[in-house]
Amino acid sequence: QGICTFKSSSVGATCTGHVDIPSGDEEALKQGVASVGPISIAIDAHHESFHDYKVGVYDEPECGNGISDLTHAVLVVGYGTEEGKDYWLVKNSWGESFGVNGYIKMSRNKNNQCGIATMASYPLV
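With the working numbering as the guide, the letters of the sequence shown map in order to residues 1 to 125.
Dropping the structure here:
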């Protein structure tokens, strides 16, 4: 067995709990991103179109938004509008070869498309 190198003096923060964004509430998610910062979410990412994403605002009408549709955990880091299309800026965990340097712009204000706000939370530190 190895030797534990944990040093309590090096702890940068302590998690005291978490906040769940109300399920399906994209406006609450937007407020959270604006006031807290990045928010952990789960999405429906099983469509080939998600895996093949390269540029633009991702819009997949076949995406589900129920709890059972959620297949992948990602991080919402921002939001904006591009060519009249509202989007969430999402950081994926598949490396920089995915999307645009590891990020995808996912449709925002489209009935919680892909479950973007179905299961979202952030830690209290």
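From the three backbone atoms N, C-alpha and C, an ideal C-beta is built for every residue, glycine too.
DSSP puts K91 in a beta bridge; with which residues? L75 and Y103
Opening and closing residue of the alpha helix (DSSP H) in which H18 lies: No alpha helix (DSSP H) holds H18; the beta strand (DSSP E) holding it covers G17 to D20.
When DSSP builds the beta bridges, which residues end up paired with G80? Answer by DSSP bridge pairing, in chain order: Y87.
Can you list, in chain order, the residues of its chain with a C-beta nearer than 8 Å to that of D25? Leave out the 5 residues immediately preceding and following it. Within the same chain, and ignoring the five residues on either side of D25 in sequence, the residues whose Cβ sits closer than 8 Å to its Cβ are A117.
Would G125 and A28 be called neighbours here (beta carbons separated by less than 7 Å)? The question names Gly, yet the displayed sequence has Val at residue 125. Not a contact, by the Cβ cut-off of 7 Å.
Rounded to a whole number of angstroms, what is the C-alpha to C-alpha distance between V36 and L75? 13 Å
Could you tell me the distance, in whole angstroms, from the CA atom of T16 to the CA atom of S121? 14 Å
Straight-line Cα distance separating C4 from T81: The alpha-carbon atoms of T81 and C4 are separated by roughly 47 Å.
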